[in-house]
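As structure tokens, the structure follows; a few thoughts come after it.
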Amino acid sequence: MKTPFLSRLQQACDIVGAKVEVIPDADNSGRITLPSGRVRYFHRLHWDLNTMGAAAIALDKDATAHVLKRCGYTVPTGRSFWYVGRLREARDIGGAYAYAQKLGLPVLLKPNDSSSDQHVSVVYTRAQFYAAAREVFAASKKLLVQRIARGSDCSIVVLDDEVLMASEKTRPYVLGDGQSSIRKLIATSRRRSRAAGHPAELRADDVRVGRHLAHSRQTLETVPAVGQRVELLPCGNLGVGGDVRVVTDVLHPKLRALAIRVVGDMGLRLASVDLVLSQPSDALPKRCTVLEVNSAPGLDTHEREPGWSRRRVERVCRILLALDRT
């Protein structure tokens with residue numbers, strides 16, 4: 003059975019005159035014979051566009067920040083810490099916490115080598131820091147501690163010298179009805195998301211939700227007033243329940259140019275650039291921080307405007323044409 007990704011890839015290949023061969027039981031992998039006769043491979047979100055060295059550096063958030071800072075971009079203040087082993091866990095986390103104290107709590111903790119928001123936490127206390135750090139070290143060998151960059155989250159996907167798509171991400175939230183607890187509102191939101199075809203992974207028992215609510219003196223049993231907006235996490239990502247607004251057509255030209263420069267300076271052809279802006283992306287921001295660069299970006303958003311399916315296929319077509327230019 004074809005996945006949605008493979009179905010879109012097949013449609014795109016039919017449009018440009020390419021042939022796709024899917025490798026059985028290989029998790030969305032295969033080879034593409036392009037109109038020129040060139041053969042290129044794909045694996046999940048990885049295409050034969052980026053060089054291995056540049057893609058590997060982009061996977062390392064700390065290394066990426068170092069490169070971008072040297073290139074003159076504003077990046078979050080932060081530092082990475084290696085996990086040596088269980089016998090030295092307390093010392094490893096202790097050193098990271100000492101650095102966090104210098105930055106000033108709260109701080110952001112995340113795995114250094116993950117492109118999702120899994121195990122990403124904002125911590126406000128020493129106990130929360132140690133607990134969150136252990137979660138990160140259970141999934142990664144390297145912990146990244148950063149000062150929080152505040153503003154509007156924007157993600158821009160670039161292919162060569164053009165923007166494929168851009169979107170703004172909001173933090174996951176619920177709206178009070180004056181009767182339901184936050185726990186119940188989250189459950190209702192999850193049911194609606196599943197019914198709409200894009201289930202959210204955020205659960206009420208996610209420890210990060212409890213931490214964030216506690217900072218605003220709330221719990222899962224708090225009953226928000228009618229229309230009261232309650233943020234559940236301090237970061238915006240659809241995988242944990244945030245909303246997305248597609249802004250490709252209204253993206254400010256200088257942000258468009260900035261994203262293209264960032265991808266080029268990282269030595270990449272296809273990548274997404276995550277930014278934190280001082281105001282929405284259709285205006286020129288006074289402040290812009292480059293959070294991350296992802297060398298294997300997703301090409302789907304949860305857009306449902308007319309023509310959304312066609313636009314997704316068109317993006318894959320543009321990638322196929324780029325593959326035939328190499």
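Each residue of the sequence shown is one higher than the one before, starting from 3 at the first, in the working numbering.
Where a beta carbon is used, it is the ideal one built from N, C-alpha and C, also for glycine.
Nearest-angstrom Cβ-Cβ length linking residue i and residue j, presumed shorter than 8 Å
i	j	result
L105	A134	Contact flag wrong, Cβ pair sits at about 15 Å.
Y126	L107	6 Å
V295	V278	Wrong, their Cβ atoms sit about 14 Å apart, outside the cutoff.
G153	S280	5 Å
V109	I150	7 Å
V324	L61	The question names Val, yet the displayed sequence has Ala at residue 324. Not really, about 21 Å apart at Cβ, beyond 8 Å.
V232	I184	6 Å
Nearest-angstrom Cα separation, counted from residue j out to residue i
i	j	result
A273	V165	10 Å
R312	M54	31 Å
A102	E170	28 Å
A20	R173	40 Å
R136	I95	8 Å
A261	E223	42 Å
R33	F7	14 Å
P236	P226	18 Å
V22	R317	16 Å
G212	K186	14 Å
A65	F83	12 Å
Y132	D326	49 Å
F139	D16	45 Å
P255	D155	17 Å
S31	H214	39 Å
R128	S9	48 Å
S195	I25	32 Å
F230	T328	According to the sequence as given, residue 230 is Gln; it is not Phe. Those two C-alpha atoms are separated by around 52 Å.
I188	D245	14 Å
R205	S123	15 Å
G80	S38	46 Å
V77	A14	36 Å
K216	K63	Per the sequence presented here, residue 216 reads as Ala, with Lys not at that position. If you take the alpha carbons of A216 and K63, they lie about 29 Å apart.
N52	K143	25 Å
A28	S116	21 Å
A100	T5	46 Å
S182	S191	12 Å
L234	A259	33 Å
D207	Q130	16 Å
R193	I59	38 Å
Residues of its chain near residue i, where Cβ-Cβ distance is below 6 Å and the 5 sequence neighbours each way are ignored
i	result
V18	C319 and L322
C73	D267
A141	P113 and H121
L253	A168 and S283
A2	Any property of residue 2 remains undetermined from this structure, which presents the chain solely from 3 to 328.
Y43	R33 and D50
W310	none
Sequence-distant residues of the same chain with beta carbon closer than 7 Å to residue i, five excluded per side
i	result
D163	I262
G300	L47
Y75	V264 and V292
T35	A20, K21 and V41
T250	V165, M167 and A168
A98	F83, A135, L145 and V147
D302	R314
L11	V22 and V318
L286	H254 and K256
R247	S169 and E170
S218	none
Other residues of its chain near residue i: CB distance less than 8 Å, five sequence neighbours each side excluded
i	result
V228	G178, D179 and G180
T221	I184, G212 and L215
H45	A28, D29, N30 and S31
Minimum Cβ-Cβ distance from residue i to chain B less than 8 Å
i	result
L257	In summary, chain B is missing from the structure at hand, where a single protein chain is found.
The segment 178-193 in contact with the segment 286-301 per 3-pair CB rule at 8 Å: The segment 178-193 vs the segment 286-301: no contact.
The segment 259-270 touching the segment 65-72, judged by at least three CB pairs closer than 8 Å: yes
Alpha helix (DSSP H) runs contained entirely in the segment 208-250, provided each spans 4 or more residues: Fully enclosed alpha helix (DSSP H) runs of 4 or longer: 209-217.
Uninterrupted beta strand (DSSP E) stretches inside the segment 111-146 (no shorter than 3 residues): 123-125
Completely contained beta strand (DSSP E) runs for the segment 265-322, where each covers 3 or more residues: 272-279 and 290-296
Entirely enclosed alpha helix (DSSP H) segments - the segment 55-111, minimum 4 residues: 63-72 and 91-105
4 or more residues per run - each alpha helix (DSSP H) lying fully within the segment 3-50: 6-18
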